[in-house]
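A short worksheet on the structure shown next.
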Amino acid sequence: MEKYLKKKIYIISFLFIPIVYFWDPDWLEFLGVQPYWPLFWLLPWSMIYGSIDGLIVGLFLGMILDSVSPDSSFTQIPGLVLSGIWFGKLSISSNGFIAHFRYGLICSIACFLCNSLYFFQILIKNLSDNNIFFYFSSIGNIFAQVFITGLLAPLLCSLLFVLFQKSRGKDKLIRFINK
Amino acid sequence: MVDIRRISTNRWWHKKKNWGLFIFLLFLFFVRISKGSLYKDLYFLISKPFWPGQFQREILTKSVEQEFFIKFKQLEKDNKRLREILSLKRLSDSESISATVISRKTGSWWRQIILNKGEKDGVEVGSFVVGPGGLLGRVNNTSLFTSSVILLTSPESKVGVWIERIQSHGLLVGLGNDYPKAIFYNKEVNIEVGDILLTSPASTLLPPNIPVGIIQSVDEELQAKKTANILLLGKPQAIDWVQILKVAI
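Chains as they are written, first to last, in the working numbering: chain A, 1 to 179; chain B, 1001 to 1249.
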C-alpha cells in the first residue's frame, strides 16, 4: 500500500489541489490574498516530465479550477498552460540551495503571468461598460499573490519535486547527474 | 411708664407665631417664584427608589416590539400585494435556510463562499445570501450537499442598488478587492459619503431594500456617470453563519 501511494503520489497530490484551493487557510494569506496553489504542483511536474506534459496538465488544472471557481466568464487555463510549457523548458538545478530559491523566483514570475492574464480578461470583458482605470484598484491582488506564492514555493515545490522524483524512479535526475 | 413697656412687648415681631407666619409666606412666595422646583426636586429624591425598573421596561419594550411587528406585517402584506401587481421579485413565503460557511475565498480574484446546504436542503441557484450586516451574494452553483455563493466583491458580480434618500438607482460592481464600486448613470445625482445602499426595488434578480453597504467615498465625475467606493455591511471574511433566502417570482 505504501509503495502504491509513493508511486501514485502525483495523482493523489493532483486530486488534492482543488481541496487545498477550497481550504485556503487564513493564516497563509498576505494582504488578504492566498498563494496560487496550482503552481506549486505544476512546476515540479513540468520540470520532470517536460513541456508537452506541462501543457496538458496545465490545461487539466485550468479546467478543474475553472469548474470550482465562481467566475464563469473568465478562465485560468491560458496562464496555467503557458506556465506548464515554460516550466517544462527549465532545467533541473543540481545545486539544491540554488534550486530552492529558483523555485520561488519561477513561481513568482508564473503567478504574475497567470494573474495578469486573468486581470486582462476582466478588463477586456468590462471595457465597454467602464474605462480602463476602473479595475486598477484591485491590481494589488496580483502583487500580493506574487509575493506569497514566491515565499512558499521553495518549501512546497522542493517537497513535491522530491516526491515526484521518488515516484518516477529518479531516472531523469540520474540522467542529469550522469551528464 | 408701665404702658410704654407693655406696648413695646406687644409689638408683632415680638411674637413667635407671627414669625412663623412670615416664614411660611416667604416659603410660598419662593415656591411661586421658582415654579415649584423645590417640590419637583424633593419628589425626585423621594420617588427615586420607586421608579419603573427593569421589569416595567421589558413590558414596554415588548409592547413596542409587538406594535412594530404588527405594523411590519401589515407593510409586508401591502408590499407583497403591490409587488404582485407590478410583477416584481419578492421574498419567498417559505422560511430561510440557515447554513454554515465551510470554505471561503475572500481574497484575490476568486471571491466565493461555500455553504453546507445544497440541493438536498432545497437551495436553488439564484437564491441570495444574507449575513449579519446585510447582503453577501447570490448562489451561483449548487451540489447535492453544498452551494457556492458568488460574493458582491467578485469581478463577476453586478447587483442593482439604490439610495433611498435621493431615490437614485445604480449598479454595484465587484472589482476583485474588498471595496466594490457603485455606478450611478447620472452625473447630477447628489450622493454623499455615509449614504446607505439598499438592493434596488427595480431589480429583477433580488428582492428590494436589503442593506448592502455605505458610501465610503465619491469619485470624480467621469463622462456621464458618477462612481462611489462602497464599504460593505456584510463581512464574509468573518461570518460563519448565513441565511439563504429564496426569491419568488
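Every residue gets a Cβ at the ideal spot worked out from N, C-alpha and C, and that includes glycine.
- At a cut-off of 9 Å, the C-beta of K1105(B) has a neighbouring C-beta in chain A.
- Excluding its 5 nearest sequence neighbours in each direction, F1184(B) has C-beta neighbours in its own chain below 7 Å: S1168, G1170, I1191, K1225 and K1226, listed in chain order.
- Straight through space, the alpha carbons of N1140(B) and G1126(B) are spaced by roughly 6 Å.
- For the pair I106(A) and L43(A), the CB atoms are nearer than the 9 Å cut-off.
- Taking C-alpha positions only, T1142(B) is separated from I1163(B) by approximately 32 Å.
- By the Cβ neighbour-count rule, V146(A) is buried, with 16 or more other Cβ atoms within 10 Å of its own.
- Rounded to the nearest whole angstrom, the C-alpha separation of S1103(B) and I1230(B) is 24 Å.
- Around the beta carbon of F74(A), a 10 Å sphere encloses 16 or more other beta carbons of the protein chains shown; the residue is thus reported as buried.
- Residues of chain A whose Cβ lies closer than 9 Å to the Cβ of E1065(B) do not exist; the shortest such Cβ separation is about 38 Å.
- By the 16-neighbour rule on beta-carbons within 10 angstroms, I1023(B) is exposed.
- Taking 9 Å as the CB threshold, G54(A) stays off the interface with chain B.
- In this structure, P1211(B) lies near G1133(B), with their beta-carbon atoms less than 9 Å apart.
- Against chain B, a Cβ distance below 9 Å from Q34(A) picks out K1105, G1107 and S1108.
- When the five nearest sequence neighbours on each side are left out, the beta carbons in the same chain lying within less than 6 Å of the beta carbon of V1129(B) are those of L1136, G1137, V1149, V1242 and I1244, in order along the chain.
- In the structure shown, W1110(B) adopts coil according to DSSP, grouped into three states.
- Looking at L1115(B), S1154(B) and E1156(B), the one whose alpha-carbon comes closest to that of T1146(B) is L1115(B).
- Excluding its 5 nearest sequence neighbours in each direction, G140(A) has C-beta neighbours in its own chain below 7 Å: L31, listed in chain order.
- DSSP places L127(A) in the coil class of the three-state scheme, outside both helix and strand.
- A distance below 6 Å between beta-carbons, with the five flanking residues on each side excluded, links G54(A) to the following residues of its chain, in chain order: S46, G84, I85, F87 and G88.
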